[in-house]
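The numbering used here applies: residue 1128 is where the sequence shown begins, and numbers increase by one. Don't be surprised by glycine CBs; every beta carbon is placed ideally from N, CA and C. Just so we're clear, the structure is a prediction, and the values are computed from it rather than from any experiment. The structure under discussion appears below in the form of structure tokens.
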Amino acid sequence: MKIQNSLAEKSAEKLFAAFVCAALVVVNVGNLAAQMQKAKSPRTVNIKNAVQKNSPESIWVEQTLRSLPLRERIGQMIVVGALGEYKNVASEKFGDIKKQIIENKVGGFVFYRGDVLELAAMTNEMQRTAKVPLLMAADFERGLPMQIKSGTSFTHNMGIAAAGNPNDSYQKGQIIAEEMRAIGINWLYGPVSDVLNNPANSMVNVRSYGENPQTVSRFVEAEVRGLRDGGVLSTAKHFPGHGDTPIDSHINTPTINISRERFETVELAPFRAAIAAGLDSFMTAHIALPEITGDNVPASLSPQINRDLIRKELKFDGIITTDSLGMGAIVKNYKGVEGAVRAIKAGADIALLPPDPKGTIDAIEQAVLRGEIPKKQIDDSVRRILRAKYRVGLATKKSVDLAKVNKIVEKPENVKFANELAERSMTLFRNENNVLPLGTKQANNTLFIVVAGDDDPDQGKVFQTAIETRLKNARVMRVDKRTTEKEYEQILTEAGKAGTILIAPFVKRAALKGTIALPETEADFVRKLIDKNKSVAVVAFGSPYQLQQFPEAKVYLAAWAVEDVAQNAAARAIFGETAITGHSPVGLPNFFKIGDGMQLSATKRKEKDAKEATEIFN
């Protein structure tokens, strides 16, 4: 899932929801706390296993549940958005958060923006305000920098799969979990478990581990284990599989028409693997599967998906959360609080980012009082939520040590691992005339052109700096939405004089864009550059499917991401400082197959021999 950032930014200051903070009346608090302190680490308990009736976990869950009246139990089932930027605890903005904690008693938070210390301080203050500990969630799929400043930044999942070793996914999960816990975040909305089998898919794309269900399953299973061992809750998304649709559910409801047989062998495989690895939660997608459910109701609101498939068939008893209920697929088709109420009726435990949290709680409460939602269903959902809290240690320790944040976040060894992983992800599909790697003489006669496909003045700047650091008289030119016709002509003139042209198109995958393609103006210019010179290399930052926009490219390197970690890794690769060893986890008809990837040795410094990764794609 990519929770709709624009929604959070527009409404977070109004909603700034908070978690259930009902009075926690616990008998023999001291004795119970002592029992829990002595108990086996909660992360060693697999969520699939039944909770022992008289275990410390069971005692805490049941006593906490009994202390909550109906409305506060419903509040546990609501998660809202909050900005993690600095707020004085006496400020009006933080007052809004405290008000939501105390009055609305919503069930948890998902965070956007801010920095690690700001967010850690905020989560501590929020936990102090709440009487029942809070679930704190975030979309840190590729590390903390996906949403906030600082943290170890990883390349996208597709790049990790290109590197070929599922253990990388495990280690990534552990590192992300460790950094999350350091700042008070205990629930990751990841791993993305979608099988990407539609090149036009703009919502998932490089967030997926690939096209082969077995490959995706191996990497998802490894990441779930890494997150679990790192001490945070994991989420397999976007159930039951968002990989085969060109429509972004942030915009409207996609429909996937597939047979049950295909569904079993492709879409379901990674989710089954995640459950086997000890998965904590499912995130249901706003996608319709009429051949599976018999109707066009989104999976997130479907009893057939929530009850029949997840609970009965897959026998999963962890948390079921919806994807953001502020996404277009819901708000365009369901009025007011209808989407959230239908999700809970269908069997979801958590309604994520409902546009009107208080109205949602009111409506669910009325549905229970009218007998439309059984009270037992509410209690079962709250038990799952409380068990999850217990298992990340919230029953005994709610706050984090701010003095330890800068000792845990961005450890040099973790940053080194992420950088090396990005290096191993680089995948070379074409290299006519052995243009890559660039030798010293060749590099000095190369024109480097950064093509920014998004309206971001800083896009590609890290790559540009990396080139200029290596070449004293580097010729680097830039194309973006502000480039004039005169400037285009000037670049074409310079391109005609260069011995080699290296083009670096950047296209960021983002919610609501509806495309992963380079804008046509920029793509047409890239094609003109390719026609202008016989020695042209394209280094694609973002989706590897950019190749279909300029099929005549004779040299094509996929960097898989636009983030800094990929830009620096690509620079090292093109100058021969690191080997190029990636194998593609996806195919593109008429262009490349799963497992493709030319191997180049490092030429400028000694590198460890990269292991062949081809077998992972078989």
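If we ignore side chains and look at the alpha-carbon of each, how far apart do residue i and residue j end up?
i       : j       : result
Lys1462 : Gly1455 : 12 Å
Lys1129 : Gly1453 : Note that Lys1129 scores 38 on pLDDT, short of 50, meaning its location in the model is unreliable; the coordinates nonetheless yield the value given after this. C-alpha separation (whole angstroms): 12 Å.
Lys1516 : Leu1210 : 22 Å
Val1147 : Ile1535 : For Val1147, the predicted model reports a pLDDT of 31, less than 50, meaning its position is unreliable; a value from the coordinates is still stated below. Between Val1147 and Ile1535, the C-alpha separation is close to 29 Å.
Lys1299 : Lys1624 : 44 Å
Arg1308 : Ile1205 : 22 Å
Glu1391 : Gly1405 : 20 Å
Leu1563 : Thr1554 : 12 Å
Ser1329 : Asp1581 : 14 Å
Phe1238 : Glu1679 : 43 Å
Ser1361 : Trp1314 : 6 Å
Leu1727 : Pro1712 : 18 Å
Ala1166 : Pro1481 : Caution is warranted here: a pLDDT of 38 is assigned to Ala1166, below 50, making its placement in the model unreliable, and the coordinate value is therefore given only provisionally. Computed Cα separation, rounded: 36 Å.
Ile1303 : Ala1693 : 18 Å
Lys1276 : Val1542 : 15 Å
Lys1220 : Tyr1213 : 10 Å
Met1273 : Gly1498 : 42 Å
Gly1669 : Lys1635 : 6 Å
Lys1659 : Gly1474 : 59 Å
Ala1686 : Thr1523 : 44 Å
Ala1396 : Gly1724 : 26 Å
Ser1376 : Ala1570 : 44 Å
Thr1705 : Glu1338 : 27 Å
Asp1356 : Ile1628 : 46 Å
Lys1472 : Phe1267 : 29 Å
Lys1661 : Val1682 : 11 Å
Gly1317 : Glu1614 : 43 Å
Lys1731 : Ile1701 : 11 Å
Glu1252 : Arg1200 : 22 Å
Leu1416 : Asn1324 : 16 Å
Leu1645 : Ala1688 : 14 Å
His1365 : His1413 : 9 Å
For residue i, is the classification buried or exposed, using 16 other Cβ atoms within 10 angstroms of its Cβ as the cut-off for buried?
i       : result
Thr1279 : buried
Asn1560 : exposed
Gly1421 : exposed
Val1216 : exposed
Leu1496 : exposed
Met1163 : Low confidence applies here, because Met1163 scores a pLDDT of 39, under 50, leaving its location unreliable; read the following figure in that light. It counts as buried.
Pro1501 : exposed
Pro1196 : exposed
Thr1620 : exposed
Pro1539 : exposed
Asn1384 : exposed
Gln1617 : exposed
Leu1134 : Confidence at Leu1134 is low in this model, with a pLDDT of 35, below 50, so the placement of that residue is unreliable and no value is reported for it.
Glu1230 : exposed
Glu1245 : buried
Ala1729 : buried
Gln1227 : buried
Gln1301 : buried
Asn1332 : buried
Gln1179 : exposed
Pro1716 : exposed
Glu1690 : buried
Arg1609 : exposed
Assuming residue i and residue j form a contact by the criterion Cβ under 8 Å, report the distance between their Cβ atoms to the nearest whole angstrom.
i       : j       : result
Glu1492 : Arg1198 : 6 Å
Asp1321 : Ser1344 : Incorrect: roughly 12 Å between the Cβ atoms, too far for contact.
Ile1446 : Asp1506 : Contact flag wrong, Cβ pair sits at about 14 Å.
Val1527 : Gly1311 : 5 Å
Thr1282 : Ser1552 : 5 Å
Val1663 : Leu1656 : 6 Å
Ala1601 : Phe1575 : 7 Å
Val1259 : Thr1191 : 6 Å
Glu1649 : Val1603 : That pair is no contact at about 16 Å.
Ala1695 : Ala1593 : Per the sequence shown, residue 1695 should be read as Asn rather than Ala. Indeed they touch by this definition, with Cβ atoms about 6 Å apart.
Pro1381 : Ile1374 : 4 Å
Ser1508 : Asp1476 : 4 Å
Ala1288 : Phe1346 : 6 Å
Just grab the DSSP bridge partners of residue i for me.
i       : result
Tyr1239 : Leu1210
Val1665 : Ile1630, Tyr1683
Thr1411 : Phe1366, Thr1449
Lys1276 : Asp1242
Trp1314 : Ala1264, Leu1360
Met1285 : None; Met1285 has no bridge partner.
Ala1478 : Ile1205
> Fully enclosed by the stretch 1522–1608, which alpha helix (DSSP H) runs are 4 residues long or longer?
Replying inline: 1532–1535, 1539–1552, 1567–1571, 1588–1597
> Where in the stretch 1668–1702 do unbroken runs of the beta strand (DSSP E), each at least 3 residues long, occur, reported from the N-terminal end onward?
Replying inline: 1682–1685
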